[in-house]
Amino acid sequence: MNREPQNAYVIDFITGSKHSKTLDSLLEVNGFTAIIVNTGYMSMAFKEIQVQVNTKDLFIVTGPPDNWAHILSEQCEIWVFSFDPSYFYGPYLEKNASAFLVFLISLRYSKLTLTSQDFSMLVQWFMLLYSKRAKSVSQVYEHKIVLREIQILLRELGKIYFNYTPEVIVGHPHRYTIAFQFLRQLELHFREQHGVQFYADSLYLSADHLSRVVKKVTRKTAKQCIEEKIMNTAKALLLENKAIAVISTSLGFKTTSHFCYFFKKHTSYTTSSFRKFGHKINLGKVIREK
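The sequence shown begins at 1 in the UniProt record's numbering and counts up by one.
Now the structure itself:
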């Protein structure tokens, strides 16, 4: 049975500079680390990049592990969510991971200053999963359980992330701005708008040009991003035991049969079988299926 290695997925609460070695180890081995500063401040630096991260800031580091230097103030308290994407998504990470995660990885790092509401909401999610893990400290987690928790946090991060414009995008090629704007529009409208043309029109681009640019950044076409967003939301709702008719309507399908056909086409599972056995299904496998 596929089990997680010790540091492949970590949610932790780090207090003060004396415990900064924990952060060191995560930054050295994992390809994704999200940090929320609860109190105090920290400084991050890599080559010519220097970033000051203050209270209520969200800082995300992605991509190949780099030698990020950091300094935590004595009173600094941070929440850390860190995992190794290559372990959970395999050698074809860009194909198997969500467009949002691939976008973050290609961006390398982001800093957002959160509103009090978004800060509280995200911290609550960190606390919930941290508490869940602390209560089962002796349990060896199965791959599919851990992957589901990662997807939950990435989903919540995405809901908040696109309320802001990361400063780092300004220094990147224009295609990153277009991809960001597309993913932001997708977060807002995926339930009602399933066609690429709607998003292209909103960005004053042709559908073909939008799809080419999005694929350069996320390794997925605009159409694939839309379908992926719908499917991931549908899976989450099915596992919450929402009525299939309600899910179908909430995701903008004209009929339940159309939704069921769409779901089976992309997962090879009927909606009923996924609902019944979804918690036992290896989600990594479901993600890879077309």
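Glycine included, each C-beta is placed from N, C-alpha and C at the ideal position.
Keep in mind the model is a prediction, meaning the values are calculated, not measured.
query: First and last residue of the uninterrupted beta strand (DSSP E) at threonine 33; result: 32-39
query: Which listed residue (Tyr204, Phe259, Gly63 and Leu27) has its alpha carbon closest to that of glutamine 185; result: Tyr204
query: Backbone secondary structure at tyrosine 89 - three-state DSSP; result: helix
query: DSSP beta-bridge partners of leucine 58; result: Ile36 and Leu112
query: Coarse secondary structure for glutamate 77, derived from DSSP in three states; result: strand
query: CB of leucine 104 within 8 Å of CB of threonine 62, strictly; result: yes
query: Phenylalanine 277 - containing alpha helix (DSSP H), residue span; result: 271-277
query: Sequence-distant residues of its chain with Cβ nearer than 8 Å to glutamate 228 (five each side left out); result: Ser98, Ala99 and Lys220
query: Alpha helix (DSSP H) segments (min. 4 residues) lying fully within the region 127-204; result: 143-161, 174-189 and 196-202
query: Methionine 44 vs valine 37 beta-carbon contact at 8 Å; result: no
query: Coil, strand or helix - threonine 22 by DSSP; result: helix
query: Three CB pairs or more closer than 8 Å across the region 144-153 and the region 245-261; result: no
query: Neighbourhood of isoleucine 152 by C-beta distance below 7 Å, restricted to the same chain and skipping five residues each side; result: none
query: CB of residue 298 within 8 Å of CB of glycine 31, strictly; result: Limits of the chain in this structure are 1 at one end and 290 at the other, which puts residue 298 out of reach.
query: Sequence-distant residues of its chain with Cβ nearer than 7 Å to alanine 200 (five each side left out); result: Ser206, Ala207 and Leu210
query: First and last residue of the uninterrupted beta strand (DSSP E) at phenylalanine 259; result: Per DSSP, phenylalanine 259 belongs to no beta strand (DSSP E); it is in the alpha helix (DSSP H), 256-267.
query: Inter-residue spacing [alpha-carbon to alpha-carbon] between valine 213 and leucine 26; result: 32 Å
query: Selection from Lys56, Ala34, Leu72 and Glu28 that minimises the alpha carbon distance to proline 64; result: Glu28
query: Opening and closing residue of the beta strand (DSSP E) in which alanine 236 lies; result: Segment 222-239 is the alpha helix (DSSP H) holding alanine 236; no beta strand (DSSP E) there.
query: Simplified DSSP state of alanine 45, which is helix, strand or coil; result: strand
query: Rounded straight-line distance, which links the Cα of phenylalanine 162 to that of leucine 183; result: 8 Å
query: Touch test, the region 108-116 against the region 78-97, Cβ-Cβ under 8 Å, three pairs minimum; result: no
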